[in-house]
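K.L.:
This structure is in structure tokens; I'll ask about it shortly.
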Amino acid sequence: MKFEEISETQKVTPGEYVLHEPTKQIVMCGAFNREADFIRAIGMGRSLKDKISNFKKIKLTEEERQDRKVSRCKGCG
């Protein structure tokens, strides 16, 4: 799992998990506003609003993605 800074061209979508660096928590993005330079997120039962520079995107390798993938099909496992 790698964490990368959110560049000017990247966008964070609501529902995406990001790392909040000051608190070292993985939080869920609720709102992303590039013009006002903030992300509103939910983490540990409370809402927080902070500058985009304090958040990092989470990048998973293909192996990590396969490990976390859950199938609903009982025949496939």
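When we follow my numbering, the leftmost residue of the sequence shown carries the number 1, and every step to the right adds one. Note that beta-carbon positions come from the ideal geometry of N, C-alpha and C, so glycine has one too.
1) Enumerate in chain order the residues of its own chain whose CB-to-CB distance from residue 5 is below 7 Å, with the five nearest sequence positions on each side excluded.
2) Could you check which residue in 9, 26 and 13 has the C-alpha nearest to that of residue 2?
3) Please work out which residues of its chain come closer than 7 Å, Cβ to Cβ, to residue 42, disregarding the five sequence neighbours upstream and downstream, and give them in chain order.
4) Just the Cα atoms here: how many angstroms apart are residue 64 and residue 35?
5) Pick helix, strand or coil for residue 10, following the three-state DSSP scheme.
6) Give the single residue among 62, 71 and 24 whose Cα lies nearest to the Cα of residue 44.
P.N.:
This is what the structure gives:
1) What you label residue 5 is simply residue 5 of the sequence shown in a count that begins at 1. Around residue 5: 56.
2) Here residue 2 corresponds to residue number 2 of the sequence shown, with the count starting at 1. Residue 2 has its Cα closest to that of 26, out of 9, 26 and 13.
3) The sequence position of residue 42 within the sequence shown is 42, counting from 1. Within the same chain, residue 42 has close Cβ partners 27, 28 and 30.
4) Numbered from its first residue, the sequence shown carries residue 64 at position 64. Numbered from its first residue, the sequence shown carries residue 35 at position 35. Whole-angstrom Cα-Cα distance: 33 Å.
5) The residue labelled residue 10 in the question sits at position 10 within the sequence shown. Residue 10 falls in the coil class under three-state DSSP.
6) Counting from one through the sequence shown, the residue named residue 44 turns up at place 44. Put simply, of 62, 71 and 24 the residue whose alpha carbon is nearest the alpha carbon of residue 44 is 24.
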